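Participant:
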Amino acid sequence: MTALPTFTLPELEFLAEDSLVTLIPTHRMDVLHFISGSYGPFQPPSRIEVPLWLARLLKKKRRGHIQPPAWLRCAYLERKYEEEQRQPDRFSALPSRYMEIANVLLECAEDDIPQSHTVKRMLQDLREIRQSKARAGLGAINPIYLQMDNLGVVELNEVRPVFCQAFNQTRRLEAGSNDAEATATGSTPGMYDESLKHNQVDYGY
Amino acid sequence: MADHDASLPSGMVAEPDIDALLQDAIDPALLDHSDTDENFSNEDVQRLTTAWTNEKQAPDLLPFADQLVGDLTEMVQNQAQMLDAIQEDNTAQAFTVMLYQSEIERIKYLLRSYLRTRLLKIEKHAMYYTSTEDYISRMSVNERNYAQRYRSLHEGHLRKSCLNKLPQAVQALDEMHGDIPMVPEPNLQSAVICRVVRDIGDFAVTESETVEMKKDNIFLVGYQAIRPLLAEGHVELL
């Protein structure tokens, strides 16, 4: 049973580049008619929402500045970090592609992000606390389902191989024990109750 | 860490101002709405993106996004022709041409990734897909030809390298062994991670278990359980 390939980080960044960001153009430009939609006209200093890939190109060619999203500010990230600490059993809400978007923005528009060094450090802190929670969630794996609200796409992609395999294995064991117990005691409630309890809370560990 | 907030004194107060923060980030007065009639958006690229990610994570082959691939291929060709025309009579537009070109490259990459993901899955279970009515209808004409040729090459190889030297009785490639088929099939029970696209309400994930599925919930669950939801577009795979 070979697993399908998971996404690579460049692939995830590619997907995240369709997200809209706010651009502050510095040059005039007519409406651009793309296949996926039209953007413009670009009239400095009016802000305009464009896909990240376009914003990155315009930034690179010095045609504008990127206004970092509200969640990419120190105050906001700090609050999210505190939230993560307060709630050991769930994840705080962040855009599902926050890591990829932050990565692209810090790479191409670091000078547009206030206190970018602190932002980087706080993203790293946030990532670590969430990562350790996500890993601990492995204990909640059961053969039925696991709710993983608010985990980002990159984070899901990281835990996917282990979690999916664990899920498939518990399912096989469950099927096996059902067969065995059908002939022996004839019931499985103990096991079910346990997994049910885990299901009630997202990540009940 | 409090000193980071110097520029944002209101940022630290309490929970509700997250919205306020987001609100003032996009000041509607500063956004240009003057020519909304001229601006359009086309969901096709987004739809193909979803088709690709779903295909990549689903254990079995999904129906081919025939219309979508055809439409987008055509749009890419038209756009490329238009760019050639612009470039010929106006070199000053080089910058915008470069922008358009970038989008074309992105869509081409998406199309290729989608098709390649499918070919990979077809190769893995060529024999099963080419002999199951349901899956034959999920493939495009080209994919069907590819699967057939792949299958006969593979079978030819097995026969030449090994099977022909064995007794007739054990040469078959598609026997049943008791109730276990010899042809490998995709494992529909295997785990997938999905995001709920719209409120579904209580949904039975197994015979005895239901779970409330609300928009943006994320579940790790057996593929078989959410297959009908995926077909309807109520969930997407991540």
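Residue numbers (the UniProt record's numbering), protein chains in the order written: chain Y, 1 to 205; chain H, 1 to 238. In this text, a Cβ means the ideal position worked out from N, Cα and C, and glycines have one as well. Only a predicted model underlies this, so the values are computations on that prediction, with no experimental measurement involved.
(1) Can you list, in chain order, the residues of the stretch 57 to 77 of chain H whose Cβ is nearer than 8 Å to any Cβ on chain Y?
(2) For Y/R135, tell me which candidate among Y/R171, Y/P95 and Y/P161 has the shortest Cα-Cα distance.
(3) Would you mind telling me which residues of chain Y sit closer than 8 Å to H/T210, beta carbon to beta carbon, in chain order?
(4) May I ask you to list the residues that DSSP assigns as paired with Y/F34?
(5) What are the residues of the stretch 151 to 172 of chain Y that lie near chain H, defined by any Cβ-Cβ distance shorter than 7 Å?
(6) Here's the rule: buried if 16 or more other CB atoms are within 10 angstroms of the residue's CB, otherwise exposed. What is Y/L58?
(7) Mind listing the chain Y neighbours of H/R198? Cutoff is C-beta to C-beta under 9 Å, in chain order.
(8) Flag this pair as yes or no: are the beta carbons of H/L68 and H/L48 separated by less than 7 Å?
(9) Please tell me whether Y/Y145 has its Cβ less than 7 Å away from any Cβ of chain H.
(10) Nearest to H/M139 by alpha carbon, out of H/K124, H/R118, H/E155 and H/M82?
(11) Beta-carbon within less than 6 Å of Y/C108's beta-carbon, same chain only, minus the 5 sequence neighbours each way: which residues are those?
(12) How would you write the range of the beta strand (DSSP E) that Y/G64 sits in, first residue to last?
(13) Taking the runs of the beta strand (DSSP E) that are 3 residues or longer, which of them lie wholly in the UniProt domain "GINS subunit" (72 to 162) of chain Y?
(14) Just the C-alpha distance for Y/G204 and Y/P88, rounded to the nearest angstrom, thanks.
(15) I want to verify the contact list: residues of chain H whose CB lies under 8 Å from the CB of Y/M148, in sequence order.
(16) Mind checking the UniProt domain "GINS subunit" (84 to 160) of chain H against chain Y and listing, in chain order, the residues whose C-beta falls within less than 9 Å of any C-beta there?
(17) Using CA coordinates, which residue listed in H/K215, H/N78, H/D202 and H/I86 is at the minimum distance from Y/I35?
(18) Under 7 Å between C-beta atoms, does Y/G37 make it to chain H?
(19) When DSSP labels each residue in this structure, what does H/V211 get in the three-state scheme?
(20) Could you have a look at H/I26 and say whether DSSP puts it in helix, strand or coil?
(21) Note down the Cα distance separating Y/L156 from H/F40, rounded to an integer number of angstroms.
(22) Confirm, please, whether the CB-CB distance from H/I122 to H/A85 is below 7 Å.
(23) Looking at C-beta atoms only, is the number of pairs between the stretch 209 to 223 of chain H and the stretch 137 to 156 of chain Y that lie closer than 8 Å three or more?
(24) In angstroms with no decimal places, state the Cα-to-Cα distance between H/F95 and H/E103.
(25) How is H/H177 classed by DSSP in three states: helix, strand or coil?
(26) Mind checking who H/A191 pairs with in its DSSP beta bridge?
(27) Let me make sure I understand the geometry here. Which of Y/L138, Y/F42, Y/L54 and Y/G64 has the alpha-carbon closest to that of Y/S19?
(28) Thinking just about the alpha-carbon of each residue, which of Y/S38, Y/K61, Y/H65 and Y/G37 is nearest to the one in Y/S46?
(29) Can you pull the DSSP bridge partners for Y/F42?
(30) Please indicate yes or no: does the CB of H/Q81 lie closer than 6 Å to some heavy atom of the ligand ZN?
(31) Over the uninterrupted beta strand (DSSP E) stretch that includes H/A169, give me the two end residues.
(32) Output, in sequence order along the chain, the residues in the stretch 93 to 113 of chain Y whose CB is closer than 7 Å to any CB in chain H.
(33) Can we say the stretch 190 to 209 of chain H touches the stretch 224 to 234 of chain H, given the rule of at least three CB pairs closer than 8 Å?
(34) Mind checking who Y/P51 pairs with in its DSSP beta bridge?
(35) Please state whether DSSP places H/F203 in a helix, a strand or coil.
(36) Taking only beta-carbon atoms, is H/V235 less than 7 Å away from chain C?
Facilitator: By the coordinates alone:
(1) Q57, P59, L72, M75 and V76
(2) Y/P161
(3) In chain order: nothing, as chain Y lies at least about 10 Å away.
(4) Y/G37
(5) L151, V153, L156, R160, F163, C164, F167, N168 and R171
(6) buried
(7) Simply none; closest approach about 16 Å.
(8) yes
(9) yes
(10) H/R118
(11) R56 and K59
(12) G64 to Q67
(13) 145 to 147
(14) Because the pLDDT of Y/G204 is 30, which lies under 50, any placement of that residue in the model is unreliable, and the number read from its coordinates should be weighed accordingly. Taking the straight line from one Cα to the other gives about 10 Å.
(15) I193, I218, F219 and L220
(16) F95, T96, M98, L99, Y100, S102, E103, I104, R106, I107, Y109, L110, S113, T117, L120, K121 and K124
(17) H/N78
(18) yes
(19) strand
(20) Low local confidence applies: a pLDDT of 44 at H/I26 is under 50, so the model's placement there is unreliable, with the coordinate-based value given in what follows. Three-state DSSP puts H/I26 in coil, outside helix and strand.
(21) 33 Å
(22) no
(23) yes
(24) 13 Å
(25) strand
(26) H/G222
(27) Y/L54
(28) Y/H65
(29) Y/M29
(30) Absent from the structure shown: the ligand ZN. Ligands present: none.
(31) Run containing H/A169: none; DSSP gives neither H nor E here.
(32) none
(33) yes
(34) Y/L20
(35) strand
(36) In the structure shown, chain C cannot be found, because the protein chains are Y and H.
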